[in-house]
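Single-structure report; data block below.
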Amino acid sequence: MIVCIAEKPSVARDIADVLGAKQRKDGYIEGNGYQVTWTFGHLCTLKEPHEYTPSWKAWSLSSLPMIPPRFGIKLIEDPGIQKQFQIIERLMQAADEIINCGDAGQEGELIQRWVMQKAGAHCPVKRLWISSLTEEAIREGFAKLQDQSQFQSLYEAGLSRAIGDWLLGMNATRLYTLKYGQNRQILSIGRVQTPTLALIVNRQQEIEHFVPKQYWELKTVYRDTTFSAIVRKSDEELAEEAAQSNAPAKKKKEEDNRGIPPITDEATGKALLERISHVPFTVTDISLKKGNEAPPRLFDLTSLQVECNKKFSYSADMTLKLIQSLYEKKVATYPRVDTTFLSDDIYPKCPKILEGLKDYAAFTSPLAGQKLIKSKKVFDNSKVTDHHAIIPTGVQPHGLTDMEKNVFDLIARRFIAVFYPDCKFSTTTVTGKADDIEFRVSGKQIIDPGWRVIFAKEPKDDTKEGEEESVLPAFTKGESGPHTPMLNEKWTQPPKPYTEATLLRAMETAGKLVDNEELRDALKENGIGRPSTRAAIIETLFKRHYIRKERKSLIATPTGVELIGLIREELLKSAELTGIWEKKLREIERHSYNAKQFLDELKQMVGEIVTSVLSDNTNRRVTVMPEEPEKKKKAAPRAKKATASAPTPQPALPEGDAIIGTKCPLCGKGTILKGKTAYGCSEWKNGCTFRKPF
């Protein structure tokens, strides 16, 4: 008998249908020589400290650092999990072969390996590796089963990650709680969680300490067109530009960096204004530059979370749940990916996928029967490892929620767009002079929209300052005439607080602000967290009351700010250093780094942190944050309505859009949705009256 083990009952049912297993049993499906069973995500976890040695049960500074000689796993204490594990154990003990059908990723590998270890499986094990749950993908996967040994490095990377998180989390949390938490507040420290909090706190402090500087802009209106004075860039700006483009800071030619110096006092500005007021404006140069704009990249998980946060205000966690649901409904491919590319073997399947997108026939029909564009910006084997970018499967969607439809629409349009021609545009730049002071204006005109027709209903992205998607009047070189100059007072602006979208990008690049997609790809190696875990990290910061939401902005609470202020060990809060550990974990996965060496380094680091904190003789403490009484007042009446007798206290509702997708506190059945003026319950049609105005 061959035992197949999947990560969820729904996935097990899909696999059983393809394999011809039809008999439903308690905890598995049998037939055609197969027994298909399932886990519920993690069934096993690493042991608690006291399970290694009883003296570690009590929290004490003298027992730190806690470093077990050998790590062990245990079943999670839950009756449903224990019952299912007993079924799995019985099936595996009698199996001739096991097929690991867990999610095709690091976490999926770890989940099933731990279950097999705990069950004492001793027969040969094969691995199913698929990127979608369609019948075709499952059949193809079973035709190409691989030996489990091929995925040993993936398991070692997942195990190293879990042990690393245990070592740092368990030791640092006890250490900081006992040393600085006044015995009343648990100070949770995590390998990825703490550097992420530090990003938010550091940005907040930059904003708080920001000193605005006054400056003035010199402009003039000639023939109903506003021209801006060309301003010379400072050495600092040139160095920053070079850093952004990852190029060495070269000394620019004077011609490349010409213009007036920045106007930093009103008197200088007024003198310039007076100087040009009584002289004509002359057009000195007109240049026309044609350009092409390639379609936007396909989605990886992070870019999808970023787009959903920008467009629909969905949290990273909510987007992950929605795309996971689309994957399980067979309409989208595997979501936990960090590449925006497809492998070459997907190209022949694309016409059929496009054909399956019936609701987008207006966009797909021009492509039907044509040879599809195959761009290196889309198809590149060297940029794809375990999985390709998120794309539709070609299965017609049915029964999607409104939120799922929104996410699917983004994925489908991006996929269609990559087979459309580039958008062609021309940029006209007109330069003029008034008393030797140069002015400039640019206008952008779309010549052929190409792929842009697919996104025609969307508001256009912000164009660069001074550049509009409009046609300028027809100017002639050498023409001259009267103009109306003006001097505008301006103030430098502080950096913006993080939103979930910008925080996800910062986690992806270890805090470096990068717009260039190629450069961002290079920095992904050193990103903090994995695409699949970043949403959970942000949610943890909310649950610990380290951050809160103000509209879309993420704001650190006093506890969050104080905690980062307490941590003097850069190893714990530096996104860059955490990014280096993440890179090593990826290298373990690729056989280019040793798992033992990674853990030895981490153990040494934990020891150094313990020594450093214990030697702190200051009297620093963290302020204990009381629960907000206002939230409790709001929750209490709802609890009474929901249950007439002895209501259990309801937890405080999350603020802002963090409430979306949580369980309704009134009926307990539905989930919270976002309306036009308020949040409401998905069970409103069935009589639930929950409503929370914005």
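In our numbering, the protein residues as written are -3 to 690.
Each residue gets a CB set at the ideal place from its N, CA and C atoms; glycine is no exception.
A quick note: this is a predicted structure, and the numbers were derived from the prediction, not measured.
#1: Along the alpha helix (DSSP H) that carries R9, what are the first and last residues, could you check?
#2: Would you check if the distance between the CB atom of T278 and the CB atom of E475 is smaller than 9 Å?
#3: Measuring only the C-alpha atoms, how far is A635 from C677?
#4: Please state whether the Cβ-Cβ distance between M503 and L195 is less than 9 Å.
#5: So, using beta-carbon positions, are P108 and G98 closer together than 9 Å?
#6: Using the beta-carbon count (16 or more within 10 Å), is Q189 buried or exposed?
#7: What residues match up with R436 in a beta bridge as DSSP calls it?
#8: Starting from M88, follow the alpha helix (DSSP H) in both directions and report where the run begins and ends.
#9: By Cβ distance, which residues of its chain are closer than 8 Å to G29, with the 5 residues on each side in sequence left out?
#10: Name the two residues that bound the continuous beta strand (DSSP E) containing D596.
#11: Whole-angstrom Cβ separation of H384 and L338, contact assumed at under 8 Å?
#12: Under 8 Å: do the region 431 to 440 and the region 400 to 415 share three or more Cβ pairs, one atom per stretch?
#13: According to the Cβ coordinates, are E282 and F471 closer than 9 Å?
#14: By the 10 Å Cβ neighbour count, where 16 or more other Cβ atoms means buried, how is S6 classified, buried or exposed?
#15: Relative to the C-alpha of P276, which residue among Y218, V207 and Y356 is closest?
#16: Specify the secondary structure class of S51 as computed by DSSP and reduced to three states.
#17: Using the C-alpha atoms, what's the distance from W34 back to N522?
#18: In the DSSP assignment, what residue or residues form a beta bridge with I69?
#19: When DSSP labels each residue in this structure, what does I182 get in the three-state scheme?
#20: Just curious, the beta strand (DSSP E) that F277 is in, first and last residue?
#21: Going by beta carbon distance, what residues of the same chain come within less than 6 Å of W162, once the five residues before and after it are set aside?
#22: Please go through the same chain and pick out, in chain order, the residues whose beta-carbon is closer than 8 Å to the beta-carbon of L691, but skip the five residues on each side of it.
#23: Rounded to a whole number of angstroms, what is the C-alpha to C-alpha distance between Y211 and P258?
#24: Can you tell me whether DSSP reads G462 as helix, strand or coil?
#25: Taking the alpha carbon of G428 as the reference point, which residue from L268, E578 and R436 has its own alpha carbon closest?
#26: Within the continuous beta strand (DSSP E) that includes N96, where are the two ends?
#27: In whole angstroms, what is the alpha-carbon distance linking E535 and G37?
#28: Along the chain, where does the alpha helix (DSSP H) containing K569 start, and where does it finish?
#29: Taking 9 Å as the threshold (C-beta atoms), are L568 and S616 in contact?
#30: Leaving out five residues on either side along the sequence, give the residues of the same chain with a beta carbon under 6 Å from the beta carbon of K215.
#31: Ends of the alpha helix (DSSP H) at R409?
#32: Since K229 sits in a beta bridge, which residues does DSSP pair it with?
#33: Do E513 and C419 have their C-beta atoms within less than 9 Å of each other?
#34: Give the single residue among T495, G525 and M112 whose Cα lies nearest to the Cα of E546.
#35: If you follow the beta strand (DSSP E) that K215 is in, where does it begin and where does it stop?
#36: Do the region 125 to 142 and the region 9 to 18 meet, that is, are 3 or more Cβ pairs less than 8 Å apart?
From the atom records:
#1: For the purposes of this step, residue 9 is identified with residue 13 of the sequence shown, where counting begins at 1. Counting along the chain, the alpha helix (DSSP H) containing R9 begins and ends at P5 to L15.
#2: Position 282 of the sequence shown, counted from the first residue, corresponds to residue 278. Position 479 of the sequence shown, counted from the first residue, corresponds to residue 475. In contact: T278 and E475 (Cβ atoms closer than 9 Å).
#3: Stepping through the sequence shown from its first residue, residue 635 is reached at position 639. Stepping through the sequence shown from its first residue, residue 677 is reached at position 681. Caution applies to A635, whose pLDDT of 29 falls short of 50 and renders its modelled position unreliable; the value that the coordinates give is listed next. Rounded to the nearest whole angstrom, the C-alpha separation of A635 and C677 is 15 Å.
#4: As a working note, residue 503 is residue 507 in the sequence shown. As a working note, residue 195 is residue 199 in the sequence shown. The answer is yes: Cβ separation under 9 Å.
#5: Residue numbering aside, residue 108 sits at position 112 when the sequence shown is read from its first letter. Residue numbering aside, residue 98 sits at position 102 when the sequence shown is read from its first letter. Reading off the sequence shown, one finds Gln at residue 108, where the question assumed Pro. For Q108 and G98, yes; Cβs fall inside 9 Å.
#6: As a first step, residue 189 must be located in the sequence shown, where it is residue number 193. Flag for Q189 reads buried.
#7: Locating residue 436 in the sequence shown gives position 440, where the first residue counts as 1. Looking at the DSSP assignment, R436 forms a beta bridge with S224 and T427.
#8: The residue you call residue 88 lines up with position 92 of the sequence shown. Segment P75 to A90, the alpha helix (DSSP H) holding M88.
#9: For the purposes of this step, residue 29 is taken as the residue at position 33 of the sequence shown. Excluding residues within five positions, the ones whose Cβ falls inside 8 Å are M(-3) and I(-2).
#10: As a working note, residue 596 is residue 600 in the sequence shown. No beta strand (DSSP E) holds D596; the alpha helix (DSSP H) holding it covers A591 to L610.
#11: Locating residue 384 in the sequence shown gives position 388, counting from the first residue. Locating residue 338 in the sequence shown gives position 342, counting from the first residue. Confirmed, about 5 Å.
#12: In short, these stretches do not touch, since the Cβ pair count stays below three.
#13: For the purposes of this step, residue 282 is taken as the residue at position 286 of the sequence shown. For the purposes of this step, residue 471 is taken as the residue at position 475 of the sequence shown. According to the sequence as given, residue 282 is Ile; it is not Glu. Cβ distance < 9 Å, so I282 and F471 count as in contact.
#14: Translated into positions along the sequence shown, residue 6 becomes position 10. It counts as exposed.
#15: Here the question's residue 276 lines up with position 280 in the sequence shown. Answer by Cα proximity: Y218.
#16: Here residue 51 refers to the residue found at position 55 of the sequence shown. S51 sits in a helix when the DSSP states are folded into three classes.
#17: Here the question's residue 522 lines up with position 526 in the sequence shown. Here the question's residue 34 lines up with position 38 in the sequence shown. When the Cα atoms are used, N522 and W34 turn out to be separated by approximately 34 Å.
#18: Along the sequence shown, one-based indexing puts residue 69 at 73. Beta-bridge pairing links I69 to L42.
#19: Within the sequence shown, the letter at position 186 stands for residue 182. Looking at I182 - three-state DSSP - the assignment turns out to be coil, as it is neither helix nor strand.
#20: Taking the first residue of the sequence shown as 1, we reach residue 277 at position 281. F277 to E289 is the extent of the beta strand (DSSP E) around F277.
#21: One-based indexing of the sequence shown puts residue 162 at position 166. Within the same chain, W162 has close Cβ partners L42.
#22: The shown model of the chain, from -3 to 690, leaves out residue 691, and the question about it has no answer.
#23: In the sequence shown, the residue the question calls residue 211 occupies position 215. In the sequence shown, the residue the question calls residue 258 occupies position 262. The straight-line gap from Cα to Cα measures roughly 8 Å.
#24: Position 466 of the sequence shown, counted from the first residue, corresponds to residue 462. Unreliable positioning characterises G462 in this predicted model, as indicated by a pLDDT of 39, which lies under 50. The coordinate reading is nonetheless provided below. In this structure, G462 counts as coil in the three-state DSSP scheme.
#25: Locating residue 428 in the sequence shown gives position 432, where the first residue counts as 1. When only C-alpha atoms are compared, the closest one is R436.
#26: To locate residue 96, count along the sequence shown from 1; it is residue 100. For N96, the enclosing beta strand (DSSP E) stretches over residues E93 to C97.
#27: Sequence index remark: in the sequence shown, residue 535 carries index 539 (1-based). Sequence index remark: in the sequence shown, residue 37 carries index 41 (1-based). For E535 and G37, the distance between alpha carbons rounds to 18 Å.
#28: Within the sequence shown, the letter at position 573 stands for residue 569. Where K569 is concerned, the enclosing alpha helix (DSSP H) stretches over E566 to K569.
#29: The residue given as residue 616 occupies position 620 in the sequence shown. The residue given as residue 568 occupies position 572 in the sequence shown. In the sequence as displayed, the identity of residue 616 is Arg instead of Ser. No, the Cβ-Cβ distance between R616 and L568 is not below 9 Å.
#30: Along the sequence shown, one-based indexing puts residue 215 at 219. Contacts found: T222, S224 and M482.
#31: Position 413 of the sequence shown holds residue 409. Its alpha helix (DSSP H) spans residues D398 to A413.
#32: Counted from its first residue, the sequence shown places residue 229 at position 233. K229 pairs with nothing; no bridge assigned.
#33: Position 517 of the sequence shown, counted from the start, is the residue given in the question as residue 513. Position 423 of the sequence shown, counted from the start, is the residue given in the question as residue 419. For E513 and C419, no; Cβs fall outside 9 Å.
#34: The sequence position of residue 546 within the sequence shown is 550, counting from 1. That would be T495, whose Cα lies nearest to the Cα of E546.
#35: Residue 215 sits at position 219 when you count from the first residue of the sequence shown. Element bounds for K215: Q210 to Y218.
#36: Look at the beta carbons and you see the region 125 to 142 touching the region 9 to 18: at least three pairs across the two are nearer than 8 Å.
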